[in-house]
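Everything in the sequence shown is counted per full-length UniProt numbering, starting at 1 for the first residue and increasing by one.
Glycine is no exception: its CB is placed at the ideal position from the N, C-alpha and C atoms.
Note that the structure is a prediction, hence the values are computed from the model and not measured.
This report refers to the structure that appears directly beneath it.
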Amino acid sequence: MKDDLIISIIQKEWPLFTNTQNAGQRSACQDQMANFIISRHAYWSMYSSPVLQSYLHDLEVAHMKDQNLITFKYGYMMAYTHPDEFLNIKDKLPPISTVKQSLVTAIMTLYMKWELDIQREIPGFDTNHRPIEAINNSQTHTSVETYMTGELQSYSEVTLENILAHFLQCSKNGINPVKGYLNALHS
Numbered sequence: 001m002k003d004d005l006i007i008s009i010i011q012k013e014w015p016l017f018t019n020t021q022n023a024g025q026r027s028a029c030q031d032q033m034a035n036f037i038i039s040r041h042a043y044w045s046m047y048s049s050p051v052l053q054s055y056l057h058d059l060e061v062a063h064m065k066d067q068n069l070i071t072f073k074y075g076y077m078m079a080y081t082h083p084d085e086f087l088n089i090k091d092k093l094p095p096i097s098t099v100k101q102s103l104v105t106a107i108m109t110l111y112m113k114w115e116l117d118i119q120r121e122i123p124g125f126d127t128n129h130r131p132i133e134a135i136n137n138s139q140t141h142t143s144v145e146t147y148m149t150g151e152l153q154s155y156s157e158v159t160l161e162n163i164l165a166h167f168l169q170c171s172k173n174g175i176n177p178v179k180g181y182l183n184a185l186h187s
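Written as C-alpha cells, this is what we have:
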C-alpha cells in the first residue's frame, strides 16, 4: 500500500516538475524522468502512510485550484537563494502562516539533526554536492536545509502535522528516517 501511494504521488508530481517555469532557462533535470522517479521514490520512502495520504490529498486539492506545489517549493527556496528575484514572485506564492512556519521549524530541527548525525558518521555521504546548512547557500548551490525547507513550506498544515508526528515517533524509537531516505537513494 505504501509503495502504491508513493507511485501515485510521483505520477502526479512529474508533470508539475517538468512544467515548472524556471527563472531563465529550463533546467536539465526537468527532462530526466528516471532520475526524478528514483530520487522522489527514495524521498517519499522515509514517510509513513498517513503522511503520504495527506500529501496525495494536497496534490489533489492543488490540482483542483490549478496550483503547482513543485513551483511553490522552488519559489519558497528563492527567498534564501535569490532574495532579489524572490521579491518579484512572492505575491504569486501562498503566504506561509505562523502555524505552518512553526511546523516547518520543528520538522527541520529534527531533520537537520539527523542530517548532521549522518555527516558526522559518514562525512560527505550523499549530499549531491549540496552544502548541508543554509548558511552555505550560494548562487549555484542550494543547501539541503534550504531545499528541504522549501519542500515543506509547499505542504499543507495537515501534512506537516503528520510529518512532525512521524518524525517524533522516529526520534522516540531511535530511528533516523533521513538515513533510510539516503540509503534508498543509493540502492
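Please say whether S154 and K73 have beta carbons closer to each other than 8 angstroms? yes
Between the CA atoms of V61 and A134 - distance to the nearest angstrom: 30 angstroms
If you draw a straight line from the C-alpha of L56 to the C-alpha of I37, how long is it? 16 angstroms
Rounded to the nearest angstrom, how far is the Cβ of I132 from that of E145, given a contact under 8 angstroms? 7 angstroms
Starting from S102, trace the alpha helix (DSSP H) in both directions and tell me its first and last residue. 98 to 121
With C-beta atoms as the reference, is R130 less than 8 angstroms away from T140? no
Reference F167, options P15, M1, V51, closest by Cα: V51
Mapping DSSP to helix, strand and coil, what is G150? helix
Since E133 is in the alpha helix (DSSP H), which residue starts that stretch and which ends it? Careful: E133 lies outside any alpha helix (DSSP H) and carries neither H nor E.
Would you mind reading off the limits of the alpha helix (DSSP H) that contains M64? 49 to 64
Of the residues F86, V178, D66, which one's Cα is nearest the Cα of F125? V178
Closest to T81 by C-alpha separation, out of T149, L93, E161, would be which residue? T149
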